[in-house]
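Quick mapping for you: the protein sequence lines, in order, are chains A and B. Each residue of the first sequence is one higher than the last, beginning at 0 in numbering that gives the first Met the number 0. Each residue of the second sequence is one higher than the last, beginning at 0 in numbering that gives the first Met the number 0. Contents: one structure, followed by commentary.
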Amino acid sequence: MRWLQRSVGLAILGTATLGAVLLWVGVAASDPDPGQRPQQGLLFGVWRVFYDTAMPSGRVLVAAAGVGLLLAAAVAALERRITNRARRSENPHRTPLAPKLVMAQTRGEYAGPVTVTVLIPAHNEEAAIGATLRSLLAQSVPPARIVVVADNCTDQTVPLARAVGVDIFETVGNTKKKAGALNQALREVLPGQGDNDLVMVMDADTTLDQGFLAGAARRMTEDRALMAVGGLFYGEEGAGLIGQFQRNEYIRYQRELKRRRGRVFVLTGTASVFRPRALRAVAAERGETLPGVPGDVYDTIALTEDNELTMALKSLGALMISPPECTVVTEVMPSWGALWAQRLRWQRGALENLGAYGMRPSTFRNWMQQLGIGYGVIALSAYVLLILMMVLATANWVWFPFWLGVGGVFVVERVVTVWRGGWRARLLGLSLFPELFYAMFLNVVYVKGVWDLSLARQASWKHVVQTREGIEVER
Amino acid sequence: MTVLPLGILLPEDLLANEFVAVLAAFVAINTIVYVTLAVSKVLPKLYLSDLVDGRNRRGETRSIHPDDAP
């Protein structure tokens with residue numbers, strides 16, 4: 000089975016390449032016109048310009064636009080259908096967390112008011128833990144209990160947390176990083192929790208916005224079939240241009256989730272709230288329908304344990320949401336090296352999780368997402384290659400009015416989708432090419448992730464640590 | 000020896016090459032696909048279920064309080 004998991008990346012990239020090759024062959028068969036020499040014109044009677052009025056034929060335009068829309072609509076419709084089927088499922092073996100079953104099991108019973116127990120896994124987080132705890136204690140609906148899960152801390156994390164008066168859970172002999180630390184803590188905490196005693200897991204470098212817990216508690220009170228509430232994260236201030244790239248990315252992600260009406264992609268590790276029933280069901284299914292060790296809530300092999308847990312819950316038919324009122328501020332990577340390490344982990348983790356789950360309805364969206372990125376790599380590379388050849392092989396600057404118009408549409412999209420981020424976000428979107436460069440960077444990370452996974456390179460869990468002197472990446 | 004008109008680095012005739020023509024058409028089609036998706040991201044999203052009355056009515060309360068009206 001290991002070779003199967005390893006070949007996930009290649010299968011995805013291969014499928015994307017196959018699509019590109021088919022399109023290429025189709026284009027070549029139609030014998031495209033090599034194009035005319037650019038014409039010369041005089042603008043306002045003084046400015047001599049070269050221009051090329053070349054544009055695709057009407058048929059090509061309609062076909063390409065149609066295929067794009069059709070693909071997007073098909074993926075969305077299929078995903079919707081799969082979600083609805085899981086939600087209406089009444090099969091207790093395959094989908095024990097499906098709303099109908101949960102409703103039936105809890106009908107007529109009142110398990111008390113909603114309370115929140117917060118678990119904060121922390122490995123040397125002295126620089127960030129203070130702000131995190133303050134944001135928790137300042138919530139209008141304060142948590143019933145806060146537990147800092149201190150995992151092999153050698154700095155001031157524990158004394159700092161103790162000074163604020165929260166509970167400390169020190170891990171014992173944990174070698175399985177964050178997932179292992181959380182598993183130990185959950186083994187202690189979960190048995191005592193009633194149906195409405197929620198468990199929130201949040202990162203030590205994240206602060207909650209006001210209204211997060213109130214929003215989550217309200218949602219969980221109104222809907223007892225709701226199994227998890229995910230946070231919407233946006234980037235903290237600072238880190239200059241590279242920080243702004245990430246903030247823009249997160250703003251677009253938030254916007255996309257709102258347009259999906261909160262239907263979850265990932266229950267983010269930055270902050271997510273779970274009903275104990277959901278976590279217990281996952282622990283019970285591990286080693287059966289879910290990968291991992293029986294009894295563990297988190298899969299300790301997964302590189303991105305939040306993505307894996309989301310897949311697990313989705314597979315079990317759980318109802319989840321990321322409502323707009325539950326927002327958190329998370330750190331941005333301050334250097335290209337740190338960003339590279341973080342994204343390589345996310346990318347590789349996503350691929351490995353897909354390999355572990357294989358093709359099943361609940362992972363359809365994830366497969367399509369990876370396929371989309373794979374094709375994007377090819378499309379963007381082809382674009383860059385063409386532009387490079389044009390620039391290097393023409394003596395004069397040539398204007399293409401049609402493609403300028405297309406570029407204009409892209410600019411509008413870039414700006415509109417980050418409008419909420421303020422003038423700096425809009426300015427970056429307006430300049431278009433820097434964000435194209437950022438996209439290219441992420442594409443290289445994607446290819447590297449596929450490459451490493453296929454060669455079965457040992458994935459290292461690079462932990463980014465905030466120290467008083469700044470941020471460093473532990474290897 | 001033939002003298003080719005030169006761009007910055009490459010001969011200008013390169014752009015008349017068949018490979019470049021196919022590449023240009025390939026990129027053009029991809030760009031149209033992506034610009035269509037970009038437009039769909041800017042426009043407001045429509046939900047069919049908002050316009051058509053579906054099976055979204057709840058028959059019982061889903062609240063944690065068993066006596067809440069649906």
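Don't be surprised by glycine CBs; every beta carbon is placed ideally from N, CA and C.
CB contact flag (residue i, residue j, <9 angstroms)
i: residue 327 of chain A; j: residue 244 of chain A; result: no
i: residue 329 of chain A; j: residue 204 of chain A; result: yes
i: residue 108 of chain A; j: residue 194 of chain A; result: yes
i: residue 146 of chain A; j: residue 117 of chain A; result: yes
i: residue 350 of chain A; j: residue 448 of chain A; result: yes
i: residue 321 of chain A; j: residue 261 of chain A; result: yes
i: residue 28 of chain B; j: residue 22 of chain A; result: yes
i: residue 403 of chain A; j: residue 413 of chain A; result: no
i: residue 61 of chain B; j: residue 112 of chain A; result: no
i: residue 378 of chain A; j: residue 26 of chain B; result: yes
i: residue 219 of chain A; j: residue 142 of chain A; result: no
i: residue 37 of chain A; j: residue 395 of chain A; result: yes
i: residue 354 of chain A; j: residue 138 of chain A; result: no
i: residue 248 of chain A; j: residue 437 of chain A; result: yes
i: residue 48 of chain A; j: residue 398 of chain A; result: yes
i: residue 406 of chain A; j: residue 387 of chain A; result: no
i: residue 291 of chain A; j: residue 93 of chain A; result: no
i: residue 241 of chain A; j: residue 424 of chain A; result: no
i: residue 366 of chain A; j: residue 444 of chain A; result: no
i: residue 77 of chain A; j: residue 88 of chain A; result: no
i: residue 106 of chain A; j: residue 65 of chain B; result: yes
i: residue 74 of chain A; j: residue 254 of chain A; result: no
Residue i (DSSP reduced to helix, strand or coil)
i: residue 203 of chain A; result: coil
i: residue 559 of chain A; result: Residue 559 of chain A lies beyond the stretch modelled for chain A, which goes from 0 to 474, so this question has no answer here.
i: residue 380 of chain A; result: helix
i: residue 293 of chain A; result: coil
i: residue 225 of chain A; result: strand
i: residue 48 of chain B; result: helix
i: residue 38 of chain A; result: strand
i: residue 113 of chain A; result: coil
i: residue 328 of chain A; result: strand
i: residue 367 of chain A; result: helix
i: residue 300 of chain A; result: coil
i: residue 310 of chain A; result: helix
i: residue 54 of chain A; result: coil
i: residue 473 of chain A; result: With a pLDDT of only 48 at residue 473 of chain A, under the threshold of 50, the placement of this residue in the model should not be trusted; the figure read from the coordinates follows. Reduced to three states, the DSSP call for residue 473 of chain A is strand.
i: residue 18 of chain B; result: helix
i: residue 285 of chain A; result: strand
i: residue 158 of chain A; result: helix
i: residue 43 of chain A; result: coil
i: residue 68 of chain A; result: helix
i: residue 467 of chain A; result: Residue confidence is low: residue 467 of chain A scores 47 on pLDDT, short of 50, so the model does not pin down where it sits. Its coordinate-derived value is still stated next. Looking at residue 467 of chain A - three-state DSSP - the assignment turns out to be coil, as it is neither helix nor strand.
i: residue 10 of chain A; result: helix
i: residue 248 of chain A; result: helix
i: residue 453 of chain A; result: helix
i: residue 360 of chain A; result: helix
i: residue 305 of chain A; result: helix
i: residue 63 of chain B; result: coil
i: residue 420 of chain A; result: helix
i: residue 209 of chain A; result: coil
i: residue 82 of chain A; result: helix
i: residue 265 of chain A; result: coil
Presumed contact (8 angstroms Cβ cut-off) between residue i and residue j, rounded CB distance
i: residue 86 of chain A; j: residue 318 of chain A; result: 6 angstroms
i: residue 344 of chain A; j: residue 303 of chain A; result: 7 angstroms
i: residue 273 of chain A; j: residue 197 of chain A; result: 7 angstroms
i: residue 306 of chain A; j: residue 239 of chain A; result: Their Cβ separation, rounded to whole angstroms, is 28 angstroms, which puts residue 306 of chain A and residue 239 of chain A out of contact at 8 angstroms.
i: residue 441 of chain A; j: residue 433 of chain A; result: Residue 441 of chain A to residue 433 of chain A, Cβ: 13 angstroms. No contact.
i: residue 385 of chain A; j: residue 23 of chain B; result: 6 angstroms
i: residue 149 of chain A; j: residue 167 of chain A; result: 6 angstroms
i: residue 331 of chain A; j: residue 271 of chain A; result: Rounded, the Cβ-Cβ distance is 20 angstroms, inconsistent with contact.
i: residue 154 of chain A; j: residue 182 of chain A; result: No, residue 154 of chain A and residue 182 of chain A are not in contact; Cβ-Cβ is about 23 angstroms, not under 8 angstroms.
i: residue 370 of chain A; j: residue 39 of chain B; result: About 18 angstroms separates the two Cβ atoms, so there is no contact after all.
Per DSSP, cross-strand counterpart(s) of residue i
i: residue 397 of chain A; result: A:49
i: residue 198 of chain A; result: A:116 and A:273
i: residue 145 of chain A; result: A:117
i: residue 232 of chain A; result: A:327
i: residue 278 of chain A; result: DSSP, once it has assigned bridges, lists no residue as partnering residue 278 of chain A.
i: residue 320 of chain A; result: A:228
Closer than 8 angstroms: residue i CB and nearest the ligand ADP heavy atom
i: residue 384 of chain A; result: Within the structure as shown, the ligand ADP is missing, as the structure has no ligands at all.
>> Does the contact criterion of 3 or more C-beta pairs under 8 angstroms hold for the region 365-375 of chain A versus the region 22-36 of chain A?
In response: Verdict: no, contact absent.
> Counting Cβ pairs closer than 8 angstroms, one from the region 77-97 of chain A and one from the region 154-166 of chain A, do we hit at least three?
Replying inline: No, the region 77-97 of chain A is not in contact with the region 154-166 of chain A.
> Using a beta-carbon distance cut-off of less than 7 angstroms, what residues from the region 55-72 of chain A approach chain C?
Replying inline: The question asks about chain C, but that chain is absent: this structure's protein chains are A and B.
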